[in-house]
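Numbering (my numbering), first residue to last: 82 to 197.
C-beta atoms are modelled at their ideal positions from N, C-alpha and C, and glycine is treated no differently.
Working notes for the structure below.
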């Protein structure tokens, strides 16, 4: 049991240190909603490591980390898709309002351009 705990702690510390070095590089390239995506992926990785280590030891911790990370990323992507759909719906309604204003202005313009 001690070996499993030690192996899990080593896995967590190695993964955490690799994420610490990778974080500045990824922050420079990502521009939208990166913090929530990273947070949910890290929660998934952490949960996967713990559950995997409890169930199957060190190998389970590694497999759990990858699986948890993928699940966390999927949850984050679903959340981002919902946000983008809401923003799109708002912009579409704004576009429809602008089209109606444009039609009204064209009607007024045609009234003034008709010969009297």
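- In this structure, residue 162 and residue 125 do not form a Cβ contact; the two beta carbons are roughly 17 Å apart against a cut-off of 8 Å.
- Under the rule that a run must span 3 or more residues, no beta strand (DSSP E) segment is found entirely inside the segment 123-174.
- Check the Cα spacing between residue 118 and each of 155, 133, 137: the tightest is with 155.
- Distance between residue 142 and residue 174, taken at the CA atoms: about 48 Å.
- DSSP places residue 82 in the coil class of the three-state scheme, outside both helix and strand.
- Relative to residue 127, the option among 140, 147, 136, 189 whose CA is nearest is 147.
- Just so you know, the alpha carbons of residue 83 and residue 135 end up roughly 12 Å apart.
- Annotated as distal: residue 176 and residue 149, with beta-carbon spacing of 9 Å or more.
- The Cβ atoms of residue 168 and residue 122 do not sit closer than 9 Å to each other.
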